[in-house]
Amino acid sequence: MTTLTLTSKRRRAALRNLAFMSPWLIGFGVFFAYPLVSTVYFSFTHYDGFRPPTWSGGQNWTYVFTHYPLFWPALRNTLWLVLVMVSLRVVFGLGIGMLITRIKTGTGVFRTLFYLPYLAPPVAATMAFAFLLNPGTGPVDSLLEKAGVPAPGWFNDPSWSKPALTLLALWGIGDLMVIFMAALLDVPTEQYEAAELDGASAWQRFRYVTLPNISPIVMFAVVTGVIQTMQYYTQPLIAGKVASGVIQGAGTQFEPGYPDKSTLTLPQLVYNLGFQRFDYGSACVVALVLFALSMAFTALLMRRRGGLIQAGD
Amino acid sequence: MTQVLERPLKLAPGASGAERTARRRALLEWVAVHSLGVAAALFFTLPFVFVFLTSLMSDSQALSRDLIPHTWEWGNYRKVFDTPGFLTWWRNTLLYAGLGTVLTVLSSVPVAYALAKFRFRGRNLSLMLVISMMMLPPQVVVIPMYLFWAKQLGLSGTLWPLIVPMAFGDAFSVFLLRQFLLTIPNEYLDAARVDGCGELRTLLRVVLPMAKPGIAAVALFQFFSAWNDYFGPQIYASENPGAWTLSYGLESFKGAHHTDWNLTMAATVLVMAPVILVFFFAQKAFVEGVTLTGVKG
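Protein chains in written order, with UniProt numbering: chain A, 1 to 313; chain B, 1 to 297.
This is the structure in structure tokens:
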């Protein structure tokens, strides 16, 4: 008797779990697992969306890696952004976080002002910066001129477009500021007091007390920063479009990565191959590269021991 | 350095030389920190200020290097609203963001609850899959998804391919809610069960009222991410201007008015303003959400 009720209890629990999980299980299958498998399949086919796909072996893969002129520039840009934009964002975010924890008068006002740019919708923020940095008419240009500094071409100059995007990314530092602020406030006060009694300088206190305490958060910021950079899409695309002056609409072709491929990122290639060239097979190759890179860094986040996001509780 | 400031600053009259030096140092530090704060505040706010000022300039002045409008052309905003399509973009954005948010919350709460409070085989695997999905850009599966929605269901030129999937749980929302639900002590759930509540009733009557801040954070994030989405509408709605959203339409607005920086900036202000207004009303929930996903594990 008891075993019977136990099994029926267990079955009811299993049904309950299934019921609660069902929205996600369906979503995962239909909107992720199945299309992911299709992406792998399409990457080995010639497919233009009109004629049915035909098997083509590794042709798309060799095409993307050896002949597609936009692939390596996009990857190089991504590397640049990881090295420069991500590290500057982490350093600046930590700096702003430290600043805000030291501000004692009007903290709430400062915090809100520092945080607001993070909320600006990416398209709007990028358009705003395209205007601010616009050579000739932009306010930054006139301020620089008043200061006697020659203004760079920003979004119109291949060697200044990524620094301009970095500036935009530093403006929207609010997410990192909040995360670092919470981490800094969690550092035990006694450790600072002990360090001060030992005569530690401000730098030594930062180096030997603050940094060891917040290092997991710094790692988190770096790794999520890298993942976000792999997927960096709207800002570089809009910056390039606005700077090139191309009018959106049917029939217009925008030179991807304007100026001179300097703002190309991997997600833009999926769009270029799939929706401008109708080469779905090669688009899927880039999609899988994007998948592999994102997953590799996500695995870093989830490493079981010392992982930053623990799976269990 | 913080400690120096937190020390009581009131010193007895006739304080010793060392104490006076400490007080002077604290004051100097206060000045240094707050000057830096003001400088940073200028960096963060001036872009908004310049955008807003330009949005009020006359057509000819917007092409000059002036920073402040000679005449305040509030009519620019009227002109933006009179642009064909602008009101449609608003309606579409509200539909996408509003309906999408409701669907996301409804479908993500039960999943997050199961992942936070039930024990079952495959739970950790599911959670890892949720986190992985959260970290993947939409471009990874967009080709088959587009073919599915456009070629098989004929729904390109609408926002439904973006709205419908939200009825099946969104990875980020599930994760954030699960993190929040972990902070609710199990004793509350056990007490409800002892009182004879089923799981659904426990969720609705006990958990949901306590999870309000978490749900608010998820709703805000979801609303903003739909509001900000450019790639989704670009893929599914671009061919039909009647289905464009604000974020997508704004760029075409720039294209059509490529020398009218004043009108473009007015439109930019109109896209930014609602997000910032919502933030002011819900600041606490929002910041809590950022901290929750970033730090607690």
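The C-beta atom is built at its ideal place from N, Cα and C for all residues, glycine as well.
DSSP-derived helix/strand/coil call for residue i
{"i": "Trp-154 of chain A", "result": "helix"}
{"i": "Gly-199 of chain A", "result": "coil"}
{"i": "Val-149 of chain A", "result": "coil"}
{"i": "Tyr-68 of chain A", "result": "coil"}
{"i": "residue 319 of chain A", "result": "A question about residue 319 of chain A goes unanswered here, because the residues of chain A that appear run from 1 up to 313."}
{"i": "Ala-239 of chain A", "result": "helix"}
{"i": "Gln-231 of chain A", "result": "coil"}
{"i": "Trp-171 of chain A", "result": "helix"}
{"i": "residue 329 of chain A", "result": "With chain A covering 1 to 313 only, the question about residue 329 of chain A has no answer from this structure."}
{"i": "residue 305 of chain B", "result": "Residue 305 of chain B is absent from the structure shown; chain B starts at 1 and stops at 297."}
{"i": "Asn-77 of chain A", "result": "helix"}
{"i": "Met-85 of chain A", "result": "helix"}
{"i": "Met-57 of chain B", "result": "coil"}
{"i": "Val-206 of chain B", "result": "helix"}
{"i": "Ile-276 of chain B", "result": "helix"}
Closest by C-alpha distance to residue i, when choosing among the options
{"i": "Ala-216 of chain B", "options": "B:Val-102, B:Met-145, B:Ala-191", "result": "B:Val-102"}
{"i": "Tyr-271 of chain A", "options": "B:Leu-153, B:Gly-232, B:Pro-84", "result": "B:Gly-232"}
{"i": "Pro-165 of chain B", "options": "B:Asn-76, B:Tyr-146, B:Gln-179, B:Leu-176", "result": "B:Tyr-146"}
{"i": "Val-269 of chain B", "options": "B:Trp-74, B:Ala-41, B:Gln-179", "result": "B:Trp-74"}
{"i": "Gln-152 of chain B", "options": "A:Leu-70, A:Ser-22, A:Phe-50", "result": "A:Phe-50"}
{"i": "Arg-239 of chain A", "options": "A:Pro-163, A:Ser-215, A:Phe-278, A:Gly-93", "result": "First, the residue type needs correcting, since residue 239 of chain A is Ala and not Arg in the sequence shown. Cα-wise, what sits closest to Ala-239 of chain A is A:Pro-163."}
{"i": "Leu-199 of chain B", "options": "A:Ala-14, A:Gly-148, A:Thr-7", "result": "Here the sequence assigns Glu to residue 199 of chain B, which means Leu is not the residue at that position. Nearest C-alpha to Glu-199 of chain B: A:Ala-14."}
{"i": "Asn-134 of chain A", "options": "A:Phe-31, A:Thr-263, A:Asn-156, A:Phe-206", "result": "A:Asn-156"}
{"i": "Ser-126 of chain B", "options": "A:Leu-18, A:Phe-278, A:Leu-264, A:Ile-179", "result": "A:Leu-18"}
{"i": "Thr-101 of chain A", "options": "B:Leu-28, B:Val-33, B:Tyr-188", "result": "B:Val-33"}
{"i": "Val-141 of chain B", "options": "A:Lys-146, A:Thr-7, A:Val-209, A:Val-285", "result": "A:Val-285"}
{"i": "Leu-94 of chain A", "options": "A:Gln-276, A:Asp-198, A:Phe-20, A:Leu-176", "result": "A:Leu-176"}
{"i": "Trp-160 of chain A", "options": "A:Leu-36, A:Tyr-208, A:Phe-110, A:Leu-81", "result": "A:Leu-81"}
{"i": "Ala-166 of chain A", "options": "A:Val-91, A:Thr-5, A:Thr-45, A:Leu-70", "result": "According to the sequence displayed, residue 166 of chain A carries Thr and not Ala. Out of A:Val-91, A:Thr-5, A:Thr-45, A:Leu-70, A:Val-91 has the C-alpha closest to the C-alpha of Thr-166 of chain A."}
{"i": "Ala-243 of chain B", "options": "B:Arg-91, B:Leu-27, B:Met-210, B:Leu-42", "result": "B:Arg-91"}
{"i": "Ile-246 of chain B", "options": "B:Trp-89, B:Gly-122, B:Met-133, B:Asn-76", "result": "Ile is not the amino acid found at residue 246 of chain B; the sequence shown has Leu there. Among B:Trp-89, B:Gly-122, B:Met-133, B:Asn-76, the Cα nearest to that of Leu-246 of chain B belongs to B:Trp-89."}
{"i": "Gly-122 of chain B", "options": "A:Thr-78, A:Tyr-232, A:Met-21", "result": "A:Met-21"}
{"i": "Thr-93 of chain B", "options": "B:Tyr-248, B:Asn-240, B:Phe-281, B:Val-278", "result": "B:Tyr-248"}
{"i": "Tyr-68 of chain A", "options": "A:Ala-195, A:Gly-281, A:Arg-303", "result": "A:Gly-281"}
{"i": "Val-222 of chain A", "options": "A:Val-84, A:Ala-120, A:Thr-234", "result": "A:Val-84"}
{"i": "Gly-257 of chain A", "options": "A:Ile-103, A:Phe-71, A:Gly-97, A:Pro-188", "result": "A:Phe-71"}
{"i": "Val-187 of chain A", "options": "A:Arg-207, A:Leu-168, A:Gly-174, A:Ala-169", "result": "A:Arg-207"}
{"i": "Gln-276 of chain A", "options": "A:Phe-297, A:Asp-48, A:Met-181", "result": "A:Asp-48"}
{"i": "Trp-61 of chain A", "options": "A:Thr-45, A:Ile-103, A:Thr-263, A:Phe-129", "result": "A:Thr-45"}
{"i": "Ala-39 of chain B", "options": "A:Leu-99, A:Arg-12, A:Phe-32", "result": "A:Leu-99"}
{"i": "Leu-79 of chain A", "options": "A:Val-226, A:Pro-52, A:Gly-138", "result": "A:Val-226"}
Sequence-distant residues of the same chain with beta carbon closer than 8 angstroms to residue i, five excluded per side
{"i": "Thr-288 of chain A", "result": "The question names Thr, yet the displayed sequence has Leu at residue 288 of chain A. Counting only Cβ-Cβ distances below 8 angstroms, and skipping sequence neighbours, we find Thr-39, Val-40, Ser-43."}
{"i": "Gln-191 of chain A", "result": "Val-209, Asn-213"}
{"i": "Ala-282 of chain B", "result": "Ala-216, Leu-220"}
{"i": "Leu-203 of chain B", "result": "Val-109, Pro-110, Tyr-113"}
{"i": "Met-295 of chain A", "result": "none"}
Close-in-space but distant-in-sequence residues of the same chain around residue i (CB under 7 angstroms, 5 per side omitted)
{"i": "Thr-264 of chain B", "result": "Phe-253, Lys-254, His-257"}
{"i": "Ala-267 of chain B", "result": "Val-80, Leu-250, Phe-253"}
{"i": "Gln-112 of chain B", "result": "The question names Gln, but residue 112 of chain B is Ala in the sequence shown. Counting only Cβ-Cβ distances below 7 angstroms, and skipping sequence neighbours, we find Val-174, Leu-177, Arg-178, Leu-181."}
{"i": "Pro-23 of chain A", "result": "none"}
{"i": "Tyr-63 of chain A", "result": "Ser-282"}
{"i": "Gly-153 of chain A", "result": "Pro-135, Trp-160"}
{"i": "Leu-88 of chain A", "result": "Thr-166, Leu-170"}
{"i": "Gly-274 of chain A", "result": "Tyr-280, Ala-283"}
Residues near residue i by beta carbon distance below 6 angstroms, same chain, minus five either side
{"i": "Phe-223 of chain B", "result": "Ala-97, Thr-101"}
{"i": "Trp-171 of chain A", "result": "Pro-117"}
{"i": "Val-140 of chain A", "result": "Leu-132, Leu-133"}
{"i": "Pro-122 of chain A", "result": "Thr-234, Gln-235"}
{"i": "Asn-240 of chain B", "result": "Gly-157"}
{"i": "Pro-161 of chain B", "result": "Trp-149, Leu-155, Tyr-236"}
Check: residue i C-beta below 7 angstroms from any heavy atom of the ligand COA
{"i": "Thr-265 of chain A", "result": "No copy of the ligand COA appears in this structure; indeed no ligand is present at all."}
Residue i, buried or exposed, once every other Cβ within 10 Å from all chains shown has been counted against 16
{"i": "Thr-66 of chain A", "result": "exposed"}
{"i": "Pro-259 of chain A", "result": "buried"}
{"i": "Asn-228 of chain B", "result": "buried"}
{"i": "Gln-231 of chain A", "result": "buried"}
{"i": "Thr-229 of chain A", "result": "buried"}
{"i": "Trp-261 of chain B", "result": "buried"}
{"i": "residue 303 of chain B", "result": "What is shown of chain B runs 1 to 297, which leaves residue 303 of chain B out entirely."}
{"i": "Gly-249 of chain A", "result": "Since pLDDT at Gly-249 of chain A reaches only 48, below the 50 mark, its modelled position is unreliable, and the value read off the structure follows with that caveat. That one is exposed."}
Q. At which residue ranges does the region 237-263 of chain B contain complete alpha helix (DSSP H) runs of 4 or more residues, listed in the order of the chain?
A. 246-256
Q.
Threshold first: 4 residues or longer. Then list the alpha helix (DSSP H) segments lying entirely within the region 25-64 of chain A, N to C.
A. 34-42, 59-62
To test your reading of the DSSP string, which unbroken alpha helix (DSSP H) runs of 4 or more residues are found completely within the region 125-181 of chain B? 142-146, 160-163
Runs of 4 residues minimum, wholly inside the region 248-304 of chain A: which ones carry the alpha helix (DSSP H) assignment? 266-271, 280-302
Can you give, in chain order, each stretch of the alpha helix (DSSP H) that sits fully within the region 68-125 of chain B and has at least 4 residues? 75-82, 86-117
task = Ignoring anything shorter than 4 residues or poking outside the region 93-124 of chain A, list the alpha helix (DSSP H) runs there in chain order.
result = 107-119
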